[in-house]
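Okay, so the sequence shown: first residue is 5 according to this note's numbering, each after it adds one.
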Amino acid sequence: AYRAGASVTGFEYTLNYYIIKDINAPLLYITLTRGAHLLTAMEEHLEKEHPSIKSMILEHRKDKSPLRIRMKHLPEDKIREIEEILFSTERPVQQRFFEGRGVNFRTSDIELWPTEYYLCGGHGLTGIFVNEKAETTVPGLYAAGDVSLVARGHLSGAFVYGEIAAEEATDYLRNHPLRKDFDRTGLDALKADLERRAAQTSGEISIEEFEYKTRRLISDYCTPPKNAYKLHMALWWMERLGKEIREKVRVRHIHDLFKVLEVENIMLCARLSATASLERKESRWGFWHYRSDFPQKDDSQWLKHIMLQKGSQAKDILVTHRPLARMHG
């Protein structure tokens, strides 16, 4: 959507969660609501306060980590109920994960840990800018779910905006018949570029190594605590990596090519995040956008959206501000 010209916003809101260590999978609501305990490394109980992600991150920053989920005190039928949900409906891969770690809910605690920082509309404040009709700033392009900025809509928001987007897109097509005489220049250029990328069979670096380096550098420079130096370094590294992925990365087969395109999208998101974070010269949303060089929140200057749009050149990012939409009456 960004490459098509749509505006995006909220990329300075760098979010992380506190969930199962080494696997991106939820656990709290399924276990705590069925009697599991949440403990710090010092055996302090936290489950009675119905902990939030923010409160668990605070415990982590107080050096009380890792937090742990404990179920060994639960009756067998309750543990089986939790396993049935986790291993079938919620995330079946968890069963193999826990078996591989030798974790049995009847005898072992489950460690929790902060995730990597990420950008998300459904669970955060980041995404493609849409209005109440799910319209983006590109006519005929609609967005819903985690990619769109319907802040913290979660699953129910995705359902609602998904239906709105489908209805509005259907109405748009009724009034705007599909064109058959479109300009193939861009399509042909993309096809030729993909063929060149697929021919990078003699590169010296595997895409797996390159992705690891990219993610590590993003964690080093794009995440809080932020400051101007770190954010400028993030932009410098993403520009360098953008060249290296075309010159040094080895593409053995179609799966590597898919991964190359995925990593390029990750690098673009990092550039957008660093650009938005540089623009917002304040701290906001607790630790999610904390700038050590601008540690205070400043509503007088920054109670507004940072909007990003592709410039005339592919690497150019246009930055504008948009006032908050307010309800009246």
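Note that the Cβ used here is the ideal one computed from N, Cα and C, for glycine as well.
Please read these numbers as outputs of a predicted model, since none were measured by experiment.
Checklist entry - If you draw a straight line from the alpha carbon of residue 248 to that of residue 242, how long is it in whole angstroms? => result 10 Å
Next on the checklist: Does the contact criterion of 3 or more C-beta pairs under 8 Å hold for the segment 80-93 versus the segment 252-270?
Outcome noted: Cβ pair count under 8 Å is below three, so no.
Next on the checklist: For the segment 46-53 against the segment 310-328, do three or more pairs of beta-carbon atoms, one drawn from each stretch, fall closer than 8 Å, so that the two count as touching?
Outcome noted: As far as the Cβ criterion goes, the segment 46-53 does not touch the segment 310-328, which means the pair count is below three.
Next on the checklist: Bridge partners for residue 131 per DSSP, in chain order?
Outcome noted: 13
Checklist entry - Got a sec? Which residues, its chain only, sit under 8 Å from residue 267 by beta carbon, not counting five neighbours each side? => result 211, 214, 215, 218, 249
Item to check | Reduced DSSP secondary structure (H/G/I, E/B, other) of residue 262 | outcome: helix
Checklist entry - Since residue 312 sits in a beta bridge, which residues does DSSP pair it with? => result 12, 323
Next on the checklist: Are the CB atoms of residue 22 and residue 293 within a distance shorter than 8 Å?
Outcome noted: No, the Cβ-Cβ distance between residue 293 and residue 22 is not below 8 Å.
Next on the checklist: Applying the 10 Å Cβ sphere with the 16-neighbour rule, what's the burial state of residue 139?
Outcome noted: buried
Checklist entry - If we call anything under 8 Å between Cβ atoms a contact, is residue 71 one with residue 40? => result Remark: C-beta atoms of residue 71 and residue 40 do not approach each other more closely than 8 Å.
Next on the checklist: Please identify the residue among 206, 161, 273, 327 whose C-alpha is closest to the C-alpha of residue 260.
Outcome noted: Selected option, being the one with the closest Cα: 206.
Checklist entry - What three-state label does DSSP hand residue 289 in the structure shown? => result For residue 289, the secondary structure class from DSSP, reduced to helix, strand or coil, is coil.
Checklist entry - CB residue 274 to CB residue 222, shorter than 8 Å? => result yes
Next on the checklist: Taking 8 Å as the cut-off, does the segment 141-155 touch the segment 7-15 (at least 3 CB pairs, one atom from each stretch)?
Outcome noted: yes
Checklist entry - From residue 165 to residue 119, what does the alpha carbon distance come to, in whole angstroms? => result 27 Å
Checklist entry - Leaving out the 5 sequence neighbours to the left and right, which residues in its chain are closer than 6 Å to residue 229 when beta-carbon positions are compared? => result A distance below 6 Å between beta-carbons, with the five flanking residues on each side excluded, links residue 229 to the following residues of its chain, in chain order: 294, 296.
Checklist entry - What do you reckon, are the CB atoms on residue 153 and residue 123 nearer than 8 Å? => result no
Next on the checklist: Using 8 Å as the threshold, is the C-beta distance between residue 304 and residue 15 below it?
Outcome noted: Contact: no.
Checklist entry - Grouping DSSP H, G and I as helix and E and B as strand, with all else coil, what is residue 209? => result strand
Next on the checklist: Once DSSP output is grouped into helix, strand and coil, what is the label at residue 115?
Outcome noted: strand
Item to check | Close beta carbons around residue 27, own chain, < 6 Å, minus the five adjacent residues each side | outcome: 101
Item to check | Residue range of the unbroken beta strand (DSSP E) whose run includes residue 72 | outcome: 72-74
Item to check | Where residue 97 falls: helix, strand or coil (DSSP) | outcome: Residue state, collapsed to three classes: helix.
Checklist entry - Going by Cα to Cα distance, which pick from 63, 62, 86, 80 is closest to residue 36? => result Out of 63, 62, 86, 80, 86 has the C-alpha closest to the C-alpha of residue 36.
Item to check | Straight-line gap, residue 308 to residue 203 (C-alpha atoms, nearest Å) | outcome: 45 Å
Checklist entry - What's the gap between the Cα of residue 235 and the Cα of residue 279? => result 8 Å
Item to check | Supposed contact pair residue 302 and residue 286 - C-beta distance, whole angstroms, cut 8 Å | outcome: 4 Å
Checklist entry - Three-state secondary structure (DSSP) at residue 277? => result helix
Checklist entry - Are residue 126 and residue 106 touching if we call contact CB-CB under 8 Å? => result Inclusion of residue 126 and residue 106 in the CB contact set at 8 Å is not warranted, their separation being larger than that value.
Checklist entry - Where does residue 189 land, buried or exposed, given buried means 16+ other C-beta within 10 angstroms? => result With fewer than 16 other Cβ atoms within 10 Å, it is exposed.
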